[in-house]
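Just so we're on the same page, my numbering is the position in the sequence shown counted from 1, plus 3.
Quick reminder that beta carbons are idealized off the backbone N, C-alpha and C, glycines included.
See below for the structure under consideration.
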Amino acid sequence: MTKQSAFAMLAACWIALPGGIAPSGIANAASDGDCAREWKNADGNGDGILEGREADRYLAYYRMRAEAPPAGDRISRSEFMRACREDVFIAKAPELAAPLKGIGGISEGEAKDRALAAGYSAISSLVKDGDGVWRGSAMKDGKTTKIAIDDKGNVVPFND
4 MTKQSAFAML
14 AACWIALPGG
24 IAPSGIANAA
34 SDGDCAREWK
44 NADGNGDGIL
54 EGREADRYLA
64 YYRMRAEAPP
74 AGDRISRSEF
84 MRACREDVFI
94 AKAPELAAPL
104 KGIGGISEGE
114 AKDRALAAGY
124 SAISSLVKDG
134 DGVWRGSAMK
144 DGKTTKIAID
154 DKGNVVPFND
């Protein structure tokens with residue numbers, strides 16, 4: 004087998020693997036169906052616009068990705084679908100050892116955005132501890148919980 008044919012075969016196998024990079028360079032882009040389901044869940048009042056509490060989580064993703072949020076912090080269905088297809092709203096799972104000690108390199112606002120993007124609301128009493136981890140309380144699934152947010156953006160619940 005020549006070097007060229009071996010390389011071509013390896014490249015073809017890599018592209019075909021689940022999670023591989025598509026030839027366009029987009030890794031696992033969200034489908035229209037996935038985005039439509041996410042929109043339906045997000046637009047709780049069914050008015051076709053996300054604003055206020057409906058929009059908070061998604062606006063946090065725009066800020067985390069350094070993308071300009073929609074005008075007036077109101078997200079239309081078309082703006083939502085575009086951002087969803089471009090994976091703006093993809094959350095990463097927290098690292099197993101989170102929260103990780105750090106140098107405290109994120110601001111309180113950045114920590115709050117990470118918590119909002121992770122599905123928390125009513126975030127309050129954020130205080131940076133001696134390890135550079137932001138700690139506070141928040142609501143998720145109708146329950147109040149304590150959360151920790153580290154420099155890497157990991158958001159995890161914790162007990163004292």
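Sequence-distant residues of the same chain with beta carbon closer than 8 Å to residue i, five excluded per side
| i | result |
| --- | --- |
| residue 109 | 117, 137, 152, 154, 156 |
| residue 51 | 79, 80 |
| residue 127 | 139, 140, 141 |
Cut-off 7 Å between Cβ atoms - residues of its own chain near residue i, not counting five sequence neighbours on either side
| i | result |
| --- | --- |
| residue 101 | 153, 157, 159 |
| residue 33 | 87, 88, 90 |
| residue 143 | 122, 123 |
Close beta carbons around residue i, own chain, < 6 Å, minus the five adjacent residues each side
| i | result |
| --- | --- |
| residue 98 | 157 |
Whole-angstrom C-beta distance between residue j and residue i, which should lie under 8 Å
| i | j | result |
| --- | --- | --- |
| residue 92 | residue 64 | 5 Å |
| residue 57 | residue 71 | Actually they are not in contact, since the Cβ atoms of residue 57 and residue 71 sit about 19 Å apart, beyond 8 Å. |
| residue 133 | residue 106 | In fact, because the Cβ distance is near 12 Å, the residues do not count as touching under 8 Å. |
| residue 41 | residue 77 | Between residue 77 and residue 41 the Cβ distance is about 17 Å, and since that is not below 8 Å, they are no contact. |
CA-to-CA distance, residue j to residue i, given in whole angstroms
| i | j | result |
| --- | --- | --- |
| residue 162 | residue 103 | 16 Å |
| residue 69 | residue 146 | 30 Å |
| residue 150 | residue 75 | 29 Å |
| residue 119 | residue 148 | 14 Å |
| residue 66 | residue 125 | 18 Å |
| residue 49 | residue 39 | 13 Å |
Paired residues, beta bridge with residue i - DSSP
| i | result |
| --- | --- |
| residue 138 | 130, 151 |
| residue 93 | Paired residues: none, contrary to the question. |
| residue 53 | 78 |
Per-residue burial, residue i [other beta carbons within 10 Å of its own, 16 or more giving buried]
| i | result |
| --- | --- |
| residue 60 | buried |
C-beta neighbour in chain B for residue i, strict 9 Å
| i | result |
| --- | --- |
| residue 69 | Checking the listed chains, one finds no chain B in this structure; it contains a single protein chain. |
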